[in-house]
Structure formats: C-alpha cells, structure tokens
Amino acid sequence: ASSRDGLWRRGSLPHGWRRGLWPRAQWRRGRGAGILGAVIALGVTAASVVAIVPANTVSASFSARTVAAANSWATGVAPVPLGTAAGYAVLAGTLVSNGAASRLAGNVGTSPGASITGFPPGQTTGTLQRNTAAATAAQKDLATAYAALASRAGTSRAPALTGTLLAGVHSSSTGAFTVPGVLTLDAKGDPSAVFVFTSTTLATAPSSQVLLVNGAAAKNVFWRVGGTASLGDSSVFAGSLLGAGNISVETNVAVTGRLLTTGGSIVIKHLEQVFPAA
1 ASSRDGLWRR
11 GSLPHGWRRG
21 LWPRAQWRRG
31 RGAGILGAVI
41 ALGVTAASVV
51 AIVPANTVSA
61 SFSARTVAAA
71 NSWATGVAPV
81 PLGTAAGYAV
91 LAGTLVSNGA
101 ASRLAGNVGT
111 SPGASITGFP
121 PGQTTGTLQR
131 NTAAATAAQK
141 DLATAYAALA
151 SRAGTSRAPA
161 LTGTLLAGVH
171 SSSTGAFTVP
181 GVLTLDAKGD
191 PSAVFVFTST
201 TLATAPSSQV
211 LLVNGAAAKN
221 VFWRVGGTAS
231 LGDSSVFAGS
241 LLGAGNISVE
251 TNVAVTGRLL
261 TTGGSIVIKH
271 LEQVFPAA
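The opening residue of the sequence shown carries number 1 in our numbering; numbering runs sequentially from there.
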C-alpha cells in the first residue's frame, strides 16, 4: 500500500526522511511520482532499517558506511569510547593487589590512590602508574565512559545470566547480575554489535564462561557495575568491566578485556588478561 511497482511514493515516507535525510531536489516532480533507485535492507539487527538510494549510485563504499551506521542505530547501542583508559588492563581508584604470577597485557594504574603491589611476581607488558598524571587522566576518561553507560535505558533481565543473549542494553531486574554457568553473546553475524550490561553487583561462578559467537567481539562488550564485582575461580570473562566499587579476581581467571573501577580496589589472586582484538 505504501509503494507502486516497487517504488516508494513520496507521501509514504516518514516526515523526517522527506525533510532531513532525503534532499528535496532529488524528489521527482509530479503528484504521486516514485523515486528511481533502490530500497536496501541493512543489517541483521532487531529493527528494520532501509536506505533509499538514488539510481546508479549504489556502491561498495556506500554499503560499508551505511551498514555500520544502520546497525548501531537499529540496536540503539553505540560503542563506548574509553579514551586513555583503554590502555589499562587494570585501573583502580584506591589500590591494586596481586598475589600470584598473573600475566597482564596493559598498564596497571591507581588514582587517586597510589598502592600497587604484587608486580612481581605478576607481569605486565605495560607500566605501573601509581597516581601519575597518566593514571589521573585515565580515571577521568573512565568516569566519562561510566556516566555514558548509565544514561542508556535497557531491557530488564532476570539476575541470572544464562543461555544466549543478543546485542543491546541489558539491565538487572533486581540490581544484581550473576553468571552461574555459560552465557553466550550472539552478534548474529554483525561484528559491530554492542552488548551492555548494567547492574549494582556482578558475580561470576567458578568455571563459568562468557562466550562470544557469530561475530561478537570482546571490544564491544561492556559491564557497568555500581557496586562490587567478583570473578570466580577458573572463570572465563569477556568485555570491559567498568565499576565504581571493589573488584575481586579469584584464581586462574581468564579475561579478554579490562578491569576498571573509578573508586574501588582491585584484588587479584591469579589473572590471565589480554586486550580484545581491535
């Protein structure tokens, strides 16, 4: 009813498209005339997104640019810039304590606190930043990212995260999130899919796993935790944890991501950490 012979009529498009995204000069003159061009479905996300393309202008570069933008729009979730905090494997507000031969792939920092202990035996490819100007700047960037996550409305979820979840913002119905077993994050073939989890506390059980499938990337997974967070023995965790309270890491924990807190401490028993692939 909204098209004729496969072409969209001028009157059938949303008001904002007529006056904003589609230049007035490119409309065909005449009552009820159609638009010469293609109507292309973009992405595989939950919302339906189309692009109306003038005839003979569809190109690979158009598709690459538009699909990326459309997928972010469709899910309502954009990546969260971490600024200089992205270079930290571990960043705390008060102290960082490590008790074993942990191996980290980035900077270890504290600010405004200045206590970092346990390196060695812990090893890091980065530097130790004890209340330095760099650590202070990273904390500022972390606070900005934390606040940005707080402004995002989410879908209410049961506190126990299990099974498979798709991209979007997920908020705990009780305030707490746990990962009692295997949690699978499915990007449905979209490498730009963003997953955000917001809760007051987070606890992963021993031997629990956060798995990424179908293009899901750890760089696009964010956990905002207002209180305490704990990662259980031999657990596998993916994403950047942005907290405001204390973070505890038990033995033989593997993290593809970052552990960052604006005001609390980070106490590690044994951690193997790597940064997400760019």
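Think of the CB as a built atom: it goes at the ideal place given N, C-alpha and C, for glycine as much as any other residue.
Contact between the segment 238-255 and the segment 209-228 is present: three or more C-beta pairs spanning the two stretches fall below 8 Å.
Apart from the 5 residues on each side of it in sequence, K219 sits with its Cβ closer than 6 Å to the Cβ of P276 in its chain, given in chain order. Taking C-beta separations shorter than 6 Å and ignoring five residues to either side along the sequence, the partners of G83 in its chain run D141, following chain order. Spatial neighbours of T94 in its own chain (CB-CB distance under 6 Å, excluding positions within 5 residues in sequence) are listed in chain order as G113 and S265. Following the DSSP letters along the chain, one finds T204 inside the beta strand (DSSP E) bounded by residues T201 to T204. Taking C-beta separations shorter than 6 Å and ignoring five residues to either side along the sequence, the partners of V210 in its chain run L183, F237 and A238, following chain order.
T174 and A229 have their C-alpha atoms spaced approximately 15 Å apart.
G181 and L104 have their C-alpha atoms spaced approximately 25 Å apart. For D190, no alpha helix (DSSP H) run applies, since DSSP gives it neither H nor E. Across the set L271, K269 and L259, the C-alpha of L259 shows the shortest separation from the C-alpha of Q139. The alpha carbon of A92 has as its nearest neighbour, out of D186, N131, A278 and T127, the alpha carbon of N131. Assignment of T84 by DSSP, reduced to helix, strand and coil, places it in the helix class.
Non-local beta-carbon contacts of A158 in its own chain, meaning distances under 7 Å to residues more than five positions away in sequence, involve S173 in chain order. Under the criterion of beta carbons closer than 8 Å, F177 and F195 do not qualify as touching, at roughly 13 Å. Within the segment 95-154, the complete alpha helix (DSSP H) runs of at least 4 residues fall at 133-150.
For P81, the CB contacts under 7 Å within the same chain, skipping 5 residues up- and downstream, are A145 in chain order. Within its own chain, the residues whose Cβ lies closer than 7 Å to the Cβ of L212, once the five positions on either side in sequence are excluded, are L185, A218 and A238, listed in chain order. Across the structure, S151 and E250 are spaced so that their CA atoms are roughly 31 Å apart. When DSSP states are grouped into helix, strand and coil, A176 belongs to the strand group. For A92, the three-state secondary structure derived from DSSP is strand. In the structure shown, A78 adopts coil according to DSSP, grouped into three states.
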